[in-house]
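Peer 1:
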Amino acid sequence: MRDTERQEFIKYYEPIHSSLDRYCRVISGNKMDGEDLLHDTVLTTLNSFSKLENKQALLSYMFSVASRIHFKRTRRKKFYSEWDSEELEQFLGNGVDLDRQLEFQMIYEKMMTLPDRMKETLILYYVSDLKMEEIHQVQGGSLSGVKLRLKRGKEKLLKMLTDKEKSTLIYMLSL
15 MRDTERQEFI KYYEPIHSSL DRYCRVISGN KMDGEDLLHD TVLTTLNSFS KLENKQALLS
75 YMFSVASRIH FKRTRRKKFY SEWDSEELEQ FLGNGVDLDR QLEFQMIYEK MMTLPDRMKE
135 TLILYYVSDL KMEEIHQVQG GSLSGVKLRL KRGKEKLLKM LTDKEKSTLI YMLSL
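Each residue of the sequence shown is one higher than the last, beginning at 15 in this note's numbering.
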């Protein structure tokens with residue numbers, strides 16, 4: 015890869031790095047696996063960047079690559095990882111008390127039981143701060159399908175939560 019292509023990739027990648035990083039960490043379940051997924055996603059995308067016709071579509075392309083790599087890994091080996099307190103603090107921000115962290119852990123565990131596409135839609139929207147149109151580009155299908163998965167995912171998750179967990183979820187979504 016030429017240096018000019020690398021610079022162009024960096025120009026398009028830098029604005030989306032933080033949301034892609036959050037997405038990779040959340041779907042992976044822990045910091046180390048999330049970093050591995052992020053690195054594999056960046057490497058895969060960097061190698062195929064010259065083939066990408068619309069460079070503006072890098073965001074949806076990278077989220078799709080990350081999603082595919084993650085699903086390939088989980089198909090090969092089903093794993094479940096818990097978040098440690100340092101990971102939660104980084105995700106939720108400083109100053110979140112231990113009770114809220116534990117409640118988030120329980121919410122996260124329940125969210126991981128949702129169907130894959132529904133869970134991915136919730137993560138992309140609430141954790142990675144993607145717009146519905148961007149989620150539509152990542153997941154494919156229709157925009158109304160994204161809206162429906164988001165609505166049904168929230169409803170299913172809320173049915174699984176206790177009142178205390180619901181208040182924590184509302185608090186987290188307001189951050």
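All C-beta atoms in this analysis are idealised placements derived from N, C-alpha and C, irrespective of residue type, glycine included.
(1) Relative to the C-alpha of Glu-134, which residue among Glu-169, Lys-25 and Ile-149 is closest?
(2) Roughly how many angstroms lie between the CA atoms of Ser-62 and Val-152, to the nearest whole one?
(3) Let's see if you can read the secondary structure: which residues bound the alpha helix (DSSP H) around Tyr-139?
(4) Of the choices Ser-158, Lys-25 and Ser-142, whose alpha-carbon is the least far from that of Arg-36?
(5) Can we say the stretch 34–53 touches the stretch 76–83, given the rule of at least three CB pairs closer than 8 Å?
(6) For the candidate residues Leu-162, Leu-183 and Asp-54, whose alpha-carbon lies nearest to that of Tyr-140?
(7) Taking the Cβ atom as the reference point for each residue, do Tyr-122 and Leu-72 lie within a distance shorter than 8 Å?
(8) Going by beta carbon distance, what residues of the same chain come within less than 8 Å of Glu-147, once the five residues before and after it are set aside?
Peer 2: On the basis of the data shown:
(1) Within the sequence shown, residue 134 is the residue found at index 120, counting from 1. Taking Glu-134 as reference, the option from Glu-169, Lys-25 and Ile-149 with the minimal CA-CA separation is Ile-149.
(2) The sequence position of residue 62 within the sequence shown is 48, counting from 1. The sequence position of residue 152 within the sequence shown is 138, counting from 1. Taking the straight line from one Cα to the other gives about 17 Å.
(3) Within the sequence shown, numbered from 1, the residue matching residue 139 stands at position 125. That residue, Tyr-139, is in no alpha helix (DSSP H); it is neither H nor E in DSSP.
(4) The residue labelled residue 36 in the question sits at position 22 within the sequence shown. Nearest option by C-alpha distance: Ser-142.
(5) yes
(6) Numbered from its first residue, the sequence shown carries residue 140 at position 126. Among Leu-162, Leu-183 and Asp-54, the Cα nearest to that of Tyr-140 is on Leu-183.
(7) Taking the first residue of the sequence shown as 1, we reach residue 122 at position 108. Taking the first residue of the sequence shown as 1, we reach residue 72 at position 58. No, these two residues do not count as a Cβ contact at 8 Å.
(8) Stepping through the sequence shown from its first residue, residue 147 is reached at position 133. Answer for Glu-147: Leu-157, listed in chain order.
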